[in-house]
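The structure appears below as structure tokens.
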Amino acid sequence: MKSNYSFLVKLLMVQCLAISSASQGYDFFYFVQQWPGSYCDTTQGCCYPTTGKPATDFGIHGLWPNYDDGSYPSNCDPNNPFDLSLISDLTSQLQVSWPSLSCPSSDDTSFWTHEWDTHGTCSESVLDEHAYFQAALNLKSQASTLQFLESAGIQPDGGFYNLTSIQNAIQGGIGYEPYIECNTDASGNSQLYQVYLCVDYNGSSFIDCPVFPTGGSCPSSIEFPTF
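Going left to right, the sequence shown walks through residues -22 to -1, 1 to 205 as mature numbering (1 follows the signal peptide of the UniProt record, and there is no 0) numbers them.
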């Protein structure tokens, strides 16, 4: 009887640990914004969404749950697929702040579907679908990346700028060090492509990055293309 009781206690402990681990799911978020001029200025090119050319501003790429060791979860809940009706009140804002530039042209919903299904479902214990997209919009309103850069004299004019100056301008504006990702234009020039900022577990506040991404590193001088 005693051994059975001991076994049940251990089983409950294991189950509690499993539930606790599952509820954690991730440690922090990367909030990623992309410069549309750099997305389009590649050999692959781009297509504007069916709503027309996006604003000349950094657009949201995603809000991505990550672990402190640099790894990340993905596609966490296939039983909770993207449902456009749940964010109908956010659609007009998302079309401005989270546009798709992939080809062929779309109404952006395929982009949002991919981001929710791949990344958002991994944070659903904290942020349901509506809260997830609302959190990204809230973060975008705080991280006025283009404004930070232009205030430092860094313009999307096709010129080349010092990478450290770009990092310092964004850090001065938001208060936290960003990670800058570059891609390459059709002429082989490295250009400012994406800006990563780290966000707390609740998706509400920027934090110091526990770890920076790998890949997409930039040289000391990079192009800031027009759009």
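Note that beta-carbon positions come from the ideal geometry of N, C-alpha and C, so glycine has one too.
Beta strand (DSSP E) segments (min. 3 residues) lying fully within the segment 115 to 182: Here the runs fully enclosed are 138 to 140, 157 to 162 and 168 to 177.
Identity of the residue in 9, 4 and 21 nearest residue 164 by Cα: Counting from one through the sequence shown, the residue named residue 164 turns up at place 186. Looking from the CA of residue 164, the closest CA among 9, 4 and 21 belongs to 21.
Pick from 101, 150 and 173 that is closest to residue 113, judged by C-alpha positions: Here residue 113 corresponds to residue number 135 of the sequence shown, with the count starting at 1. It is 101.
Per-residue DSSP class, three states only, for residue 8: To locate residue 8, count along the sequence shown from 1; it is residue 30. In the three-state reduction of the DSSP assignment, residue 8 falls in the strand class, which pools E and B.
Between the CA atoms of residue 103 and residue 17 - distance to the nearest angstrom: Position 39 of the sequence shown, counted from the start, is the residue given in the question as residue 17. Position 125 of the sequence shown, counted from the start, is the residue given in the question as residue 103. So the alpha carbons of these two residues sit roughly 32 Å apart.
Nearest residue (CA-CA) to residue 31, options 106, 84 and 187: Along the sequence shown, one-based indexing puts residue 31 at 53. Closest in C-alpha terms to residue 31, from the list 106, 84 and 187, comes 84.
Beta-bridge partners of residue 58, as assigned by DSSP: Counted from its first residue, the sequence shown places residue 58 at position 80. The secondary-structure analysis by DSSP pairs residue 58 with nothing; it has no beta-bridge partner.
For residue 105, three-class secondary structure by DSSP: Here residue 105 is taken as the residue at index 127 of the sequence shown, counted from 1. In this structure, DSSP gives residue 105 a state outside helix and strand, which the three-state scheme calls coil.
Stretch-stretch touch, CB-based, cutoff 8 Å, three pairs: the segment 45 to 55 with the segment 130 to 140: With a cut-off of 8 Å on Cβ pairs, the segment 45 to 55 is not in contact with the segment 130 to 140, counting fewer than three such pairs.
Reference residue 143, options 189, 197, 10 and 4, closest by Cα: By one-based count along the sequence shown, residue 143 stands at place 165. Measuring from the Cα of residue 143, the nearest candidate turns out to be 197.
Residue 36, DSSP secondary structure in three states: The residue labelled residue 36 in the question sits at position 58 within the sequence shown. Look at residue 36 here: in three-state DSSP terms it is coil, with no helix or strand label.
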